[in-house]
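Below is one structure, written out as structure tokens, with a few remarks after it.
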């Protein structure tokens, strides 16, 4: 029986070490996981902690009993088989804990990858908006609104004073700049020595073009 206790004591010691490694690894993965996964992983960590405490108690109970100095009889075949069976059961338990740890780590890595992808897309979106605003703000003035009229039959008509005649022709599309945004777009329908006439590409809605509004070539994105 003493030999079996020694074997079980060594097995429990190994299991405690393996459980400690699993517990530490899972604890590190919790910090980067999403909230739902964090709760589930914390529960798994608590279960591992309880299992470690149980195994430590078994180990202490086994090692606390003094070993008689006198020689002891060799364990019987039945006792050896029982010890082997217990060792196999502990090995299976350890393997299951290792599998659970591996799954938790994979979930943590997937969560990290998803968060990185989302953050990168948000950053790219913000950069694109900032780039568009900068290009609108820096664009050269092609023309300036002189007058805007709405005709029940013809629709909206914009009369413009062309500032860059080399870049404006019939068919050109110009955007009405409002700070770093575009109020709407106007297509040039006629050019005369006195100026140009254009029609809105779409309804302006509540905000109408005003005299002095600047027309630029709108960004292509």
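In the numbering used here, the protein residues as written are 165 to 385.
Just so you know, even glycine gets a beta-carbon here, dropped at the ideal spot from N, CA and C.
Here the structure is a predicted model, which is why all the values come from computation and not from measurement.
DSSP three-state assignment for residue i, whether helix, strand or coil
i           : result
residue 274 : helix
residue 364 : strand
residue 194 : Since pLDDT at residue 194 reaches only 47, below the 50 mark, its modelled position is unreliable, and no value is offered.
residue 304 : coil
residue 313 : strand
residue 286 : helix
residue 378 : strand
residue 221 : helix
Residue(s) in a DSSP beta bridge with residue i
i           : result
residue 349 : 339
residue 356 : 359
residue 324 : 309, 360
residue 319 : 315
Pair within 8 Å by beta-carbon distance, residue i and residue j
i           : j           : result
residue 348 : residue 330 : no
residue 344 : residue 301 : yes
residue 338 : residue 274 : no
Assigned exposure category for residue i - 16 Cβ within 10 Å defines buried
i           : result
residue 334 : exposed
residue 305 : exposed
residue 208 : buried
residue 282 : exposed
residue 377 : buried
residue 328 : exposed
residue 324 : buried
residue 316 : exposed
Distance cut-off 7 Å: residue i Cβ against heavy atoms of the ligand NAD
i           : result
residue 257 : No copy of the ligand NAD occurs in the structure displayed, which carries no ligand at all.
*Does the region 312-322 come within contact of the region 359-379, defined as at least 3 CB pairs closer than 8 Å?*
yes
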